[in-house]
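The block underneath contains the structure these notes are about, expressed in structure tokens.
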Amino acid sequence: MIPFESHQLSSAQKLNRYIFIAGILLILLFTLFWNPERANLLPCYFHEITGHSCPSCGLTRSFHAIAQLNFQQSFEFHPMGMIVYFALMVFVLKFILEIVLKKEIRLSLKDWVKKFAIGGLLFVWMGLWIIRLLHE
């Protein structure tokens, strides 16, 4: 079992959580109703300059596909899209729970576990990007 720590939330921490929740929900609602393939709101400057995809190219289209419950297409747009989307949803739910309970909730993990998880995620992300570059 993973031990949890909890601490009282300050008013500034509550405000930060409200802002985070509002921002993420706006992004997720935006991707639900706005089809990025029909409109080019924000071009990828890395792609414009180099002609190659950047590590996050396809995430917006991936989020839109997830919002439309098209998971295969989401994976095709960006293999990490579902992981990022799920992580954002977990953070939203965690912050809502913290606001309701009025306590900060943290996992008590060893530093090496956190570093290994973050490093592994970055390694996979960059590996997928390199594979993508090789196939362009």
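Quick note: the sequence shown uses our numbering, first residue 1131, plus one each step.
Beta carbons are placed, not taken as given, at the ideal position from N, Cα and C, and that holds for glycine.
One alpha carbon belongs to A1152, the other to L1145, and they sit about 11 Å apart.
L1258 is a Cβ neighbour of M1210, given a cutoff of 8 Å. Under the DSSP assignment, K1232 falls outside any beta strand (DSSP E); it carries neither an H nor an E label. For Q1198, no alpha helix (DSSP H) encloses it, and the DSSP letter there is neither H nor E. The alpha carbon of K1240 has as its nearest neighbour, out of E1234, K1233 and I1248, the alpha carbon of I1248. Straight-line spacing of the CA atoms in V1243 and L1252 works out to 14 Å.
Counting along the chain, S1141 sits inside the alpha helix (DSSP H) bounded by residues S1141 to F1163.
Between the C-alpha atoms of E1167 and R1191 there is a straight-line separation of about 7 Å. Two segments are said to touch when three or more pairs of C-beta atoms, one from each, lie closer than 8 Å; by this definition the stretch 1218-1229 touches the stretch 1148-1163.
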